[in-house]
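See structure below.
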Amino acid sequence: MHEAIQNIRQWGSAERHAEAGMKTGPDKNHSRSGDLSRQASAWLVQLEDAPEDDILRAEFMDWLATSPAHLAAWEETARVSDLIVLAGPSPQITSSLASGSARCTWFRNIRPASALASLATAACLAWIAVPYVALHFQSDAITGAGELRQVTLDDGSRVQLAPTTAIAFSNDAAGRRLKLLRGEAWFDVTHDEAHPFKVIAGDNTVTVLGTAFSVRKTDSGTDVAVQRGSVAVTASDGMRSDRVELVAGQSVSTDGTVVTRGTVRPDRVASWRDGITIVNDLPVGDVIDRIRPWYKGYIIAGGPGLSDRHVSGIYDLRDPDLALKALARAHKVTVSHVSPWLRIVTVR
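Residue numbers (my numbering): 42 to 389.
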């Protein structure tokens, strides 16, 4: 494995000085998979050398979106690094960062761990950039990490997008339909009894006439909370469907066709719009899931208490590191600052 890592760095160093079209336009020989692999490796090295260079990251995104071949080459280059990162930090990395250093110079100061740090950084970029590029072509509006965006639809309805959220909207004879492709959004829907407004999130559909509510797409289902008016939530797994009607102050979470009702103060619906999350007796893993979209990097979480340990509190989403610190201070959680873009959270 060490030899393979060194090969990646050698390819990257050689390609860094080659005229491979990485910054001057699309690669004319993108069918040559070997060349593209070397270019992807070169990006890995350059991004490690300048982890806070926004211009470099923008150029990388341009290269990534130039052709499907570029995307495939990057995914293959990042595949091994993903596996390494998911195994967790090495003892050298954890102990070295205990001093509080999280600067880009860390990669140069810790020579024995520099290759692993390089791959950790690459894994962060792969997890963030690749899904973003794919969603970009499907969506009408999309937000990045830590970004809020308000969109006015052509029917006059307003939608506020949480960070790392993507939507697609259509308004035709069949009705008004918005697909929540990823993330979470708050809706203030214009009343039109003849044309119901439907939000589709995976296998779940939220139907409204005129109301304000939030919808969050999760890995296993959907969370819906109503601030004003009423909605009907239909959860389906392809075999059967369950329909639940909600009014202001009510919420529901779905996991397949398992529906869990709840209550929420109307003024706390979509509290993320104010940059905070208010949680009441939620697993630590769920709280971390709420912090993730606000962090401009990648958060890996694990440990026996991830789903078993429940917490309550108010967390500042605008400062993800501060939120993780607050979580760690009170709930037997350890946060390792592996790089400027990577946090590893262990729940005991």
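Beta carbons: idealized from backbone N, C-alpha and C, even for Gly.
Could you compute how far the alpha carbon of proline 130 sits from the alpha carbon of arginine 199?
Caution applies to proline 130, whose pLDDT of 38 falls short of 50 and renders its modelled position unreliable; the model cannot decide the point.
Applying the 10 Å Cβ sphere with the 16-neighbour rule, what's the burial state of phenylalanine 210?
Classification of phenylalanine 210: buried, given that the 10 Å Cβ count is 16 or more.
Considering alanine 369, what are the terminal residues of the alpha helix (DSSP H) in which it resides?
Secondary structure note for alanine 369: its alpha helix (DSSP H) is the uninterrupted segment 361–371.
Can you give the Cα-Cα distance for aspartate 244 and alanine 99, rounded to whole angstroms?
Each residue's alpha carbon lies about 34 Å from the other.
How is the beta strand (DSSP E) around arginine 199 delimited, first residue to last?
Per DSSP, arginine 199 belongs to the beta strand (DSSP E) from 199–202.
Buried or exposed for histidine 111, going by 16 or more other Cβ atoms inside 10 Å?
Label assigned to histidine 111: buried.
Which residue wins for smallest C-alpha separation from alanine 81, given the options Asp94, Leu105, Ile96, Ala215?
Measuring from the Cα of alanine 81, the nearest candidate turns out to be Leu105.
Hey, how far is the Cα of aspartate 260 from the Cα of aspartate 360?
Each residue's alpha carbon lies about 24 Å from the other.
Using a 10 Å radius around the Cβ and a threshold of 16 neighbouring Cβ atoms, would you call lysine 366 buried or exposed?
Classification of lysine 366: exposed, given that the 10 Å Cβ count is below 16.
Who are the Cβ neighbours of serine 271 in its own chain at under 7 Å, not counting the five residues just before and after it?
Thr252, Glu286, Leu287, Val288.
Write down the C-beta distance between valine 320 and valine 374 rounded to the nearest angstrom, noting that I regard them as a contact closer than 8 Å.
Wrong, their Cβ atoms sit about 14 Å apart, outside the cutoff.
Test item: CB-CB of tryptophan 335 and glycine 187 under 7 Å
Contact annotation: tryptophan 335 and glycine 187 have beta-carbon atoms nearer than 7 Å.
7 Å Cβ cutoff met for valine 256 and alanine 242
Taking 7 Å as the Cβ cut-off, valine 256 and alanine 242 qualify as a contacting pair.
Using the C-alpha atoms, what's the distance from phenylalanine 238 back to glycine 216?
Computed Cα separation, rounded: 7 Å.
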